[in-house]
Structures are given as structure tokens and as C-alpha cells.
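For the record, the sequence lines run as chains W and D. For the first sequence, my numbering gives the first residue as 93, with consecutive numbering after it. For the second sequence, my numbering gives the first residue as 3, with consecutive numbering after it. A virtual CB, placed ideally from N, CA and C, is assigned to each residue, including glycine. These figures come from a predicted structure and were not determined experimentally. Accompanying notes for the structure given below.
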Amino acid sequence: MIETDILIIGAGPVGLFTVFEAGLLKLKCHIVDVLPQVGGQLTEIYPKKPIYDIPGYPSILAADLVDNLMEQIAPFKPSFTLGEVAQSISKEPDGKFLLTTNKNKKIKTSVIAIAGGLGCFEPRKPPIKGIEDFEEESIVYMVKDPEQFRDKEILIAGGGDSALDWTIELANVAKKITLVHRRTSFRGALDSVEKVHHLATKGVIDLITEAQAVDLKGTNTLSHVVIKHKEKGLIDIPVDYFIPLFGLTPKLGPIADWGLNLNRSAIAVDTLDYSTNVEGIYAIGDINEYEGKLKLILCGFHEATLMVQSAFKRIYPDQKLSFKYTTVSGVSGFE
Amino acid sequence: MEENTINITVTDREGIDHIIEAPTDMNFNLMEICKSSELPVEGTCGGMALCASCHCYVQSEHKLNEPSDDELDMLDQAFFVEDNSRLSCQIYLTNDLNKLKIKLAPVS
């Protein structure tokens, strides 16, 4: 079991910078994030976009800011649990929290800092009525094991890189692949687009453009995906699996059930120290809400800085905390 | 009506029309105007055409700026997309857009 001083939920810029500020106070951090990489929105949504309001940087690409933050926090040796959802929390007899992830990893911590940004990134689900009924058996939002589709008939929907890549990858595995896309042109790597067109021309896959999945049929298990074609109307396509690939979208996720005061899917905090209504749990960055809140990275950095001061007092109530400038005392990392 | 102000009609998801007076000299986009009028538009990505939470249907015949590749790519990941679908964050308000009519797309 991992033990830490501060468990940070969310590896976005604010979560990462928390490690630095906590490190200055000799507090250890562990970070959990649902995405397989650090950086949160900056990496997942807009890595190549410039940010203009980071103090001291007239312009910095989102991905570069993440790289810089990783370098800045490296001396404090944070540990990470990536690709897992912070699922539930419980209180230990010694007053500490025990967090369990969706993969049953357990982390014991004195303080929890939720830096969850927009929330937990989840696959975008097509708004097809009754889709939940087939989710367990026949619908795959994230392909993990290609062998699952060996000699099966599958329908992939979407027009981005993941739809193209999985079509190509599974072309040799599945018995039959139908790729359905709303437009005639695909976004995504040119090379992949060409490969998919080549597969379609050779008759290895069925490519249907200007169509969208609109309905699902089947008793117990999925038997058909109904697509609506711009000119031909409704078409039933027999399938074993339906793989909708429409990117990721943030949802508040399991923390909605942790007894925190919420205000329009943001966590209400006290601006004194960004504490929530649950003692020992703080919320910083885009996920919190208070009067005058601005969802800016730089505001999240400020919130993280004040928050760790409060966390220190909570963890070491008897110790005096003397404030030091890094210019004077430098940054001494952990062994 | 005041100079550099236009009227826009936004039909919400319950079918109710809201007439919004919007300034055209403040570099606002349609998503921002909807949000500031307390309409249920998330605008999660802040207006970068990266989330589709401001998806709407343009219902009047106004000539709008053509959607960028980024916007078209994002619409590929949205649902309930029609020929008149746009991301409202990519529509900047100009005097030509007086009496623009849009309808908010369903949330998925």
C-alpha cells in the first residue's frame, strides 16, 4: 500500500504544481489521474495551443508547460497512479484517509487535494436510447484486447485517429468490419486515412460515410446497429460488437458521491485555504467554486500554494511553519 | 436600437425562445453571450472549438463565417449533428448577424 502526506487527484498543471509547494514544506505527494499521461486538459485537449497568461512566459505551449512543471517538481520525487479513477474514500482508525481506485489500488493519506479540473475524462457515449442495456456485453468504448474481436462482426463509428487506427488494426482480426462516419472526409493522420480507403477498395472492410448510428437492436445481446444514411435512410447492420469512438469528455465522476458540497458540478470551498466541507479534503483549480472564481491556471497555482500551508498545519498541528523564500533557501529535494 | 447592438433569438432545449441583446463591438462569440445570459451552455473548453458542448443549430439564413477544420473535426465527435450544426464559440458577433436564430443542440 502506498502511503503519502498529500494525495492529489488530477495530474493537470495545478495538481503538478501542488507537489512543488508541498515539497517546500517537506510534504510528500502521490498523484492519481484517470488519463494514462500527466498534464490533464493541457495534454489531452490542447497540447499545441499557446497559453499567454502564465506569469513570466509571454507565450508557452500547453505541452511545454507540463514538461516544465514535471522538471520543476522532479526534486520532490512524486509518485503517480495513472490510468486509474479515484473511486472511493474511507476513514482509517488513525484519522487518515484510505483511497481506493477503480483497479483496487489503495493509497493511505493524511490529506486529499482534489485538483480534478473538468472532472474525470470518460469516453463520449452516443446518445442512443437503450445503449446501457448492451454496454456490458456488446459495446466497447475503449479497445483493450483486440483478440476479443477475433472472427467477430464489428461496427466502428467515428472519424478520428482512434476510429481509423482500430479499423486498420482489427482488419486482420475481425471477421467483418463496418466503419461508419458522418462525413465523407476523415480527420486524423493522412497515412491512416489512405490505408482505410485502401482496405475499403479491396473489400476488406465496409466503409459507410454520410451515416450515423441511430439505434441498436437485439434481445439480451446486440444483433444489429441501425445506421441512418443521408440518402439511403435506415440500414440494419448485423454485428457482434459496436465500437463507438468519439473521443473523451470530462464528467465529475465518483467524487460526486463523496459527500462534498457541490455547486453546479464544482466543489464549494472556503477561500481561506480552499478546504471543502469535509475536513482534510481540499479542492483547487478549475474544479472548485467560490465567489469571484476564475478558472485560470495561474489562480490554481495560487490556490495550491495556500492550500498546502493549511495541509501542513493539519498534518503537523504542533509544528511551527516558518515561511521561506526559495530565493533565500533554495530548493532542497527529497532523497 | 443602439449602435453595435444586435438581437439574437436562442431556442433552449425546452423549446423556449430567448431574445438576447448582444454587443457587437466587444469581440464576444455566441457561446459567451449564451453563457452570460444564463442559458445552459457549458462551453467547457472555453471557446477553443475543442469540446462541442456549445453545439447549436443555425435556423436563420444569415451568412456566417465558414467552419474551420478544427470545428469540423470537433463536430465529428458530437452527436445529433445536422447540416446546420455549428459550435457557437466559433461564431463571432457582428452587426450583420442581427436577428440571428439558433437552437441549442441536445446534451449528450
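- The distance from the Cβ of residue 425 of chain W to that of residue 168 of chain W is about 6 Å, consistent with a contact at the 8 Å cut-off.
- Rounded to the nearest whole angstrom, the C-alpha separation of residue 56 of chain D and residue 246 of chain W is 31 Å.
- Contact note: residue 351 of chain W does not reach chain D at a C-beta cutoff of 7 Å; the least C-beta distance is about 25 Å.
- Residue 415 of chain W sits exposed, since fewer than 16 C-beta atoms from the chains shown fall within 10 Å of its C-beta.
- If you ignore the 5 residues before and after residue 344 of chain W, its C-beta comes within less than 6 Å of the C-beta of 211 and 357, all in its own chain and listed in chain order.
- Less than 8 Å separates the beta-carbon of residue 178 of chain W from that of residue 347 of chain W.
- Residues of the segment 31 to 54 of chain D that bring their beta carbon within less than 9 Å of a beta carbon in chain W comprise 46, 47, 48, 50, 52, 53 and 54, in sequence order.
- Taking a beta-carbon distance threshold of 8 Å, residue 150 of chain W does not count as an interface residue toward chain D.
- Excluding sequence positions up to five before and after residue 59 of chain D, its CB lies within less than 7 Å of the CB of 84, 86, 87, 104, 105 and 107, all in the same chain and listed in chain order.
- With a cutoff of 8 Å on beta-carbon distance, residue 293 of chain W and residue 229 of chain W are scored as not near each other.
- Contact of residue 25 of chain D with chain W is not assigned, every C-beta pair being separated by 8 Å or more.
- For residue 108 of chain D, the chain W residues whose C-beta falls within less than 8 Å of its own C-beta are 219, listed in chain order.
- Here residue 304 of chain W is bridged, per DSSP, to W:320.
- Sequence-distant partners of residue 367 of chain W (beyond 5 residues in either direction) whose C-beta falls short of 7 Å from its own C-beta, in its chain, are 361, 374 and 402.
- For residue 20 of chain D, the enclosing beta strand (DSSP E) has its first and last residue at 19 to 25.
- Non-local beta-carbon contacts of residue 299 of chain W in its own chain, meaning distances under 6 Å to residues more than five positions away in sequence, involve 271 and 292 in chain order.
- Residue 76 of chain D is classed as buried because its beta carbon has at least 16 other beta carbons within 10 Å across all chains shown.
- The C-beta distance from residue 176 of chain W to residue 197 of chain W rounds to 6 Å, short enough to fall under 8 Å.
- Interface with chain W (8 Å Cβ-Cβ cutoff): residue 14 of chain D is excluded.
- Taking a C-beta distance under 8 Å as the contact criterion, residue 331 of chain W and residue 320 of chain W do not qualify as a contact pair.
- In the same chain as residue 151 of chain W, and ignoring 5 residues on each side of it, the C-beta atoms closer than 8 Å to its own belong to 142, 143 and 144, in chain order.
- The shortest C-alpha to C-alpha distance from residue 130 of chain W to any of W:157, W:148 and W:194 is the one to W:157.
- Chain D has a Cβ within less than 8 Å of the Cβ of residue 338 of chain W.
- The C-alpha of residue 79 of chain D is placed about 17 Å away from the C-alpha of residue 285 of chain W.
- Close partners of residue 210 of chain W in chain D (Cβ separation under 7 Å): 46.
- Taking a C-beta distance under 8 Å as the contact criterion, residue 370 of chain W and residue 352 of chain W qualify as a contact pair.
- Residue 32 of chain D is positioned such that its CB atom lies closer than 8 Å to that of residue 95 of chain D.
- Between the alpha carbons of residue 125 of chain W and residue 377 of chain W lies a gap of roughly 15 Å.
- The criterion of a C-beta distance shorter than 8 Å is not satisfied by residue 109 of chain W and residue 303 of chain W.
- Check the Cα spacing between residue 217 of chain W and each of W:138, W:295, W:339 and W:399: the tightest is with W:339.
- A Cβ-Cβ contact shorter than 8 Å links residue 97 of chain D with residue 6 of chain D.
- Chain W places no beta carbon closer than 8 Å to that of residue 60 of chain D, leaving this residue out of the contacts.
- Here residue 274 of chain W is buried. Its C-beta has 16 or more other C-beta atoms within 10 Å.
- Taking the beta carbon of residue 252 of chain W as reference, the chain D residues within 8 Å of it are 75, 78 and 79, listed in sequence order.
- Distance from the CA of residue 136 of chain W to the CA of residue 4 of chain D, rounded to the nearest whole angstrom, comes to 43 Å.
- Interface with chain D (8 Å Cβ-Cβ cutoff): residue 342 of chain W is included.
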